[in-house]
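S.K.:
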Amino acid sequence: MDGIVSRSIAPVGTEEVEITIYPNEVKYFESKWTILNTKDTTLSNGFTFKYGNQHYTLPLIESIRSILAPNRFLLYRLLEMNNSFLSYFTESYRGNHLHIDFNSTYEKKYTKRDFLWQLLWIIANPDIRTLYMNIGYTFVNTGELKFEWTLNQPIVIKATIKRRKSSNLILRILSIQNKKIPYDKVSFTHPELAAQEKSSESKNHTYKKVESVDKPYESDNKDEGASDDFDLIPIDNQHHDYTNLPRLEKMTNNTSKLRESTNEDTKQFLIEDTNQRTVADTGGNSLIRGIELIGVHEASVTGELGEFIKLLNELNDFPSVKTIDFKIEDLPTFEESRKFSFLDDGITKRKYALGSVQLLNGHHYFIVEIEREYKSLAMLILQGPQDVQWDTVIEQLLEKLVKDSGAWLKESLQEIEDKGVTIQKAKHSKKSYEHRASLIAKKFT
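Following the working numbering, the numbering of the sequence shown begins with -2 at its first residue and continues without gaps.
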């Protein structure tokens, strides 16, 4: 919309519908058509299928963009001469546990959860993986981008369509709603992953961005490629929803020093940002910073606890974090002091969320968030020695909160600290999830 890639408006005369693409209903088609206001002709190809009592047409290029290759890595690998993933990682399986060893060829930036889920969906489903591999093979050997719909599972989509007499045209797939990764646990390693150990040594160098340009990023198509870094641009019209998500665990044997102080020997580098960006693949001679558009997939929790889950998801991408688990439950109820156990309507039970954060260096933290409903109540970050009985600590903490009418009283928190638990408070903020996650990560020291 107005040149802003993260926002879009559907054309006039279109509508959004939910459609299920059943594999036995899909047929490949090719047709010639004349380019508007010219005598030139071109060939369009795609798929036709029936859903309900309606016929639909899905352009082939849209099926690639939104379903099979929704990010830059998957798109470029799809069209390579040898699109085998063996050049980037190896896999091992043990029951419902999938382990992936990434090598240095696979850029660390693609270990962020959004990209990992998309990659895992392809490699963990045999029918999707086979189709993905065959597309590249056909393209390299024939020069044609075409394939048969060989998936054996239904795909549920929400799409913007234009209704026509013969067949409704799918203009854009807005979301895929039933992705499934058939594993309970996925672990991975990468050469650049390292457990950070706090050091008293000063930094060797620092980088400071010169805020010389105060305007939106501009896409540049003149430079040959992207640098290793990129900016993530969430788009409001591409969602990836998963029916299940496995437990994700980072693994490493490497360690690195976390230097936080500076001295007179610390070198400072100033970086000027021109706000030029590219969507090209990494590499080339004339490089600028890249951008990568990411769809959205979050836990189906709304409100304040939904915000907390998004915060945990952002925190999960930090290099020092090994795993994050969470649960959402009702606050305990006590007859003598039950008011805070319910929301203001007096009927709906108030909930809390508990995040468990395991770092690569072995440290373990718990984050407690309460459904506030306009109340001022900070998050708590807890840490303690290995022999702490955390179930008992959390139970006592929540009991005190309810009996203290929804306040973290100093006396009650002191009783928890007397058990050897360190408690830090984290205030809520309206800033970006990345910024809020970075503030919490700084407390993990």
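Backbone N, C-alpha and C define an ideal beta-carbon position, used for all residues, glycine too.
Note that the coordinates shown come from a computational prediction; the quantities given were computed from them, not determined experimentally.
Suppose you measure from the CA of Leu55 to the CA of Gly43; what does that come to, to the nearest Å?
M.R.: For the purposes of this step, residue 55 is taken as the residue at position 58 of the sequence shown. For the purposes of this step, residue 43 is taken as the residue at position 46 of the sequence shown. Each residue's alpha carbon lies about 6 angstroms from the other.
S.K.: Roughly how many angstroms separate the alpha carbons of Asp225 and Glu104, rounded to a whole number?
M.R.: Within the sequence shown, residue 225 is the residue found at index 228, counting from 1. Within the sequence shown, residue 104 is the residue found at index 107, counting from 1. Residue placement at Asp225 is flagged as unreliable, the pLDDT there being 48, under the threshold of 50; a coordinate-derived value is accordingly withheld.
S.K.: Since I believe Lys247 is in contact with Leu190 (beta carbons under 8 angstroms), could you give me their beta-carbon distance rounded to a whole number of angstroms?
M.R.: Taking the sequence shown and counting its residues from 1, the one referred to as residue 190 is at position 193. Taking the sequence shown and counting its residues from 1, the one referred to as residue 247 is at position 250. With a Cβ gap of about 6 angstroms, Leu190 and Lys247 count as contacting.
S.K.: Keeping to the same chain, check which residues put their C-beta closer than 7 angstroms to that of Ser101; ignore five residues upstream and five downstream.
M.R.: Position 104 of the sequence shown, counting from 1, holds the residue named residue 101. Hits under 7 angstroms: Pro188.
S.K.: What residue range is occupied by the uninterrupted beta strand (DSSP E) comprising His361?
M.R.: Taking the sequence shown and counting its residues from 1, the one referred to as residue 361 is at position 364. His361 to Ile367 is the span of the beta strand (DSSP E), which, as asked, contains His361.
S.K.: Does DSSP put Ile6 in a helix, in a strand, or in coil?
M.R.: As a working note, residue 6 is residue 9 in the sequence shown. Coil.
S.K.: So, helix, strand or coil for Arg347, using DSSP?
M.R.: Position 350 of the sequence shown, counting from 1, holds the residue named residue 347. Correct three-state label for Arg347: coil.
S.K.: Taking the alpha carbon of Val183 as the reference point, which residue from Tyr371, Trp118 and Pro20 has its own alpha carbon closest?
M.R.: Counting from one through the sequence shown, the residue named residue 183 turns up at place 186. Measuring from the Cα of Val183, the nearest candidate turns out to be Trp118.
S.K.: Measuring only the C-alpha atoms, how far is Gly10 from Tyr53?
M.R.: Taking the first residue of the sequence shown as position 1, residue 10 is located at position 13. Taking the first residue of the sequence shown as position 1, residue 53 is located at position 56. Cα to Cα, Gly10 sits roughly 16 angstroms from Tyr53.
S.K.: So, are the CB atoms of Leu518 and Ile413 less than 7 angstroms apart?
M.R.: Any answer about residue 518 is impossible in this case: the structure gives the chain only from -2 up to 442.
S.K.: Taking C-alpha atoms, which residue in Ile125, Leu76 and Asn165 lies nearest to Gly140?
M.R.: The residue labelled residue 140 in the question sits at position 143 within the sequence shown. Of the listed residues, the one whose Cα sits closest to Gly140 is Leu76.
S.K.: On the DSSP bridge assignment, give the partners of Asp37 in chain order.
M.R.: Start at 1 with the first residue of the sequence shown, and residue 37 comes out as number 40. In DSSP, Asp37 forms no bridge with anything.
S.K.: Measuring CA to CA, which of Phe323, Trp405 and Ser429 is closest to Pro243?
M.R.: Here residue 243 corresponds to residue number 246 of the sequence shown, with the count starting at 1. Cα-wise, what sits closest to Pro243 is Phe323.
S.K.: How far does the beta strand (DSSP E) with Tyr90 in it extend, from its first residue to its last?
M.R.: Here the question's residue 90 lines up with position 93 in the sequence shown. Tyr90 -> beta strand (DSSP E) spans Phe86 to Arg91.
S.K.: What's the C-alpha gap between Val168 and Ser81?
M.R.: Walking along the sequence shown from the start, residue 168 turns up at place 171. Walking along the sequence shown from the start, residue 81 turns up at place 84. Val is not the amino acid found at residue 168; the sequence shown has Leu there. Those two C-alpha atoms are separated by around 31 angstroms.
S.K.: Go to Glu326, then tell me how far its beta strand (DSSP E) extends in each direction, as first and last residue.
M.R.: The count along the sequence shown starts at 1 and reaches residue 326 at position 329. Counting along the chain, the beta strand (DSSP E) containing Glu326 begins and ends at Val318 to Asp327.
S.K.: Quick check: the segment 116 to 132 against the segment 59 to 66, are there 3 or more CB pairs under 8 angstroms?
M.R.: In short, these stretches touch, since the Cβ pair count reaches three.
S.K.: Please name the residue, chosen from Thr45, Ser409 and Ser164, that lies closest to Glu22 on a Cα-to-Cα basis.
M.R.: Working through the sequence shown from its first residue, we reach residue 22 at position 25. Comparing Cα-Cα distances from Glu22 to each of Thr45, Ser409 and Ser164, the minimum goes to Thr45.
S.K.: Among Tyr180, Arg347 and Gln386, which residue has its Cα nearest to the Cα of Asn93?
M.R.: By 1-based counting over the sequence shown, the position of residue 93 is 96. With distances taken between Cα atoms, Asn93 lies closest to Tyr180.
S.K.: Using the beta-carbon count (16 or more within 10 Å), is Ile344 buried or exposed?
M.R.: Along the sequence shown, one-based indexing puts residue 344 at 347. It is exposed - the Cβ of Ile344 has fewer than 16 other Cβ atoms within 10 Å.
S.K.: Would you identify the three-state DSSP class for Gln115, choosing helix, strand or coil?
M.R.: On the sequence shown, position 118 is the one that residue 115 refers to. Note: Gln115 maps to helix in three-state DSSP.
S.K.: Figure out for me which residue from Trp30, Leu113, Ile32 and Gly300 has the closest Cα to the Cα of Tyr371.
M.R.: Your numbering for residue 371 matches position 374 in the sequence shown. The shortest C-alpha separation from Tyr371 is found at Gly300.
S.K.: Could you say which of Asp37, Ile120, Ser89 and Lys155 lies nearest to Glu13 if we only look at CA atoms?
M.R.: One-based indexing of the sequence shown puts residue 13 at position 16. Cα-wise, what sits closest to Glu13 is Lys155.
S.K.: What does Gln355 pair with, by DSSP beta-bridge criteria?
M.R.: Within the sequence shown, the letter at position 358 stands for residue 355. DSSP lists Thr320 and His361 as partners of Gln355.
S.K.: Measure the C-alpha to C-alpha separation of Leu308 and Lys36 and round it to an integer number of angstroms.
M.R.: In the sequence shown, residue 308 corresponds to position 311, counting from 1. In the sequence shown, residue 36 corresponds to position 39, counting from 1. Approximately 54 angstroms, taken between the alpha carbons.
S.K.: Between the alpha carbons of Ser28 and Thr39, how many angstroms are there, rounded?
M.R.: On the sequence shown, position 31 is the one that residue 28 refers to. On the sequence shown, position 42 is the one that residue 39 refers to. Looking at the two C-alpha atoms, the distance is approximately 8 angstroms.
S.K.: Under 7 angstroms, do Glu366 and Phe441 count as touching if we go by C-beta distance?
M.R.: Position 369 of the sequence shown, counting from 1, holds the residue named residue 366. Position 444 of the sequence shown, counting from 1, holds the residue named residue 441. Not a contact, by the Cβ cut-off of 7 angstroms.
S.K.: Report buried or exposed for Ala404, applying the criterion of at least 16 other Cβ atoms within 10 angstroms of its Cβ.
M.R.: Within the sequence shown, the letter at position 407 stands for residue 404. It counts as exposed.
S.K.: Work out the CA separation of Gly417 and Lys397 for me, nearest whole Å.
M.R.: The sequence position of residue 397 within the sequence shown is 400, counting from 1. The sequence position of residue 417 within the sequence shown is 420, counting from 1. Each residue's Cα considered, the two are about 17 angstroms apart.
S.K.: Taking the alpha carbon of Ser426 as the reference point, which residue from Ser373, Leu142 and Ala350 has its own alpha carbon closest?
M.R.: Numbered from its first residue, the sequence shown carries residue 426 at position 429. Ranking the options by Cα distance to Ser426, first place goes to Ser373.
S.K.: Along the beta strand (DSSP E) that carries Glu53, what are the first and last residues, could you check?
M.R.: Taking the sequence shown and counting its residues from 1, the one referred to as residue 53 is at position 56. One point to set straight first is that residue 53 is Tyr, not Glu, in the sequence displayed. Residues Gln51 to Pro56.
S.K.: Is the beta carbon of Ser164 sitting closer than 7 angstroms to the one on His236?
M.R.: Position 167 of the sequence shown, counted from the first residue, corresponds to residue 164. Position 239 of the sequence shown, counted from the first residue, corresponds to residue 236. No, Cβ-Cβ distance for Ser164 and His236 is not below 7 angstroms.
S.K.: Could you check the C-alpha separation between Glu15 and Lys177 for me, to the nearest Å?
M.R.: By 1-based counting over the sequence shown, the position of residue 15 is 18. By 1-based counting over the sequence shown, the position of residue 177 is 180. Cα-Cα distance, rounded: 18 angstroms.
S.K.: Within this structure, are the beta carbons of Val153 and Thr17 separated by less than 7 angstroms?
M.R.: Residue numbering aside, residue 153 sits at position 156 when the sequence shown is read from its first letter. Residue numbering aside, residue 17 sits at position 20 when the sequence shown is read from its first letter. Yes, the Cβ-Cβ distance between Val153 and Thr17 is below 7 angstroms.
S.K.: Nearest-angstrom Cα distance between Lys346 and Pro329?
M.R.: For the purposes of this step, residue 346 is taken as the residue at position 349 of the sequence shown. For the purposes of this step, residue 329 is taken as the residue at position 332 of the sequence shown. One C-alpha to the other measures close to 9 angstroms.
S.K.: So is Leu406 buried or exposed if we call it buried at 16+ other beta carbons inside 10 Å?
M.R.: Counted from its first residue, the sequence shown places residue 406 at position 409. Its Cβ having fewer than 16 others within 10 Å, Leu406 is exposed.
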